[in-house]
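Undergrad:
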Amino acid sequence: MPLKRTIEKARRDKYEGKSASTQAGEFVRDEIDKIRHGEHGARSAKQAIAIGLSEARRAGVDLPPPQRGQTSERTRKSAEYAYEAGQGQRKPKRRPRVSRAVTKALKREPRNTVSPKALSQQARSAASQRTAAQRSAAARKAVRTKGAAGRSAAAKKAVRTRGRRTR
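Here the sequence shown is numbered in my numbering, starting from 6 and rising by one per residue.
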């Protein structure tokens with residue numbers, strides 16, 4: 006169950022005109038925090054992100070499920086179900102026994118899969134699978150939604166990061 010403040014943050018992102026993936030990012034961040042605080046674990050960084058995206062879809066973020074062929078059919082079906090539940094097209098069945106089993110299984114998983122190093126590796130591997138044009142388009146879109154103050158802050162942060170790397 007996502008926290009109330011996470012849903013509020015996602016709503017604020019939507020109101021500010023940010024993309025669905027940015028809104029969903031709030032849920033992913035919330036999931037990472039839950040794992041870091043020891044509520045449960047995750048097999049991999051990818052699984053932690055997937056749980057966050059599923060929660061976002063169920064909470065009503067307009068994040069359509071992946072196309073056929075992009076992921077396994079099982080994952081796609083699960084995303085489709087969560088999306089329909091969030092859009093009010095389907096009433097989710099409550100299955101306490103399954104829910105308990107999932108929670109118990111997640112509690113057995115490791116917590117270090119969402120360490121800064123693990124998330125960095127996941128981000129790099131995901132970026133390496135995208136083309137230069139896709140990365141460039143994402144950066145251009147970010148510039149459009151960031152605003153002047155945000156761009157300035159990002160530029161200053163980039164300068165600091167480069168300064169640290171060269172030493």
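Backbone N, C-alpha and C define an ideal beta-carbon position, used for all residues, glycine too.
#1: Touch check for the segment 73 to 80 and the segment 24 to 36: three-plus C-beta pairs under 8 angstroms?
#2: Where DSSP assigns a beta bridge to R73, which residues make up the other side?
#3: Using only the alpha-carbon positions, how far apart do G155 and K98 sit?
#4: Is it the case that the Cβ atoms of A47 and L111 are separated by a distance below 9 angstroms?
#5: Could you check the C-alpha separation between E60 and V164 for me, to the nearest Å?
#6: Please classify G57 as buried or exposed, where buried requires at least 16 neighbouring CB atoms within 10 angstroms.
TA: With the structure as the only source:
#1: no
#2: One-based indexing of the sequence shown puts residue 73 at position 68. T76.
#3: Here the question's residue 155 lines up with position 150 in the sequence shown. Here the question's residue 98 lines up with position 93 in the sequence shown. Roughly 42 angstroms between the two C-alpha positions.
#4: Within the sequence shown, the letter at position 42 stands for residue 47. Within the sequence shown, the letter at position 106 stands for residue 111. Contact: yes.
#5: Here the question's residue 60 lines up with position 55 in the sequence shown. Here the question's residue 164 lines up with position 159 in the sequence shown. Spanning the two alpha carbons is a distance of roughly 35 angstroms.
#6: To locate residue 57, count along the sequence shown from 1; it is residue 52. The residue is buried, with at least 16 neighbouring Cβ atoms inside 10 Å.
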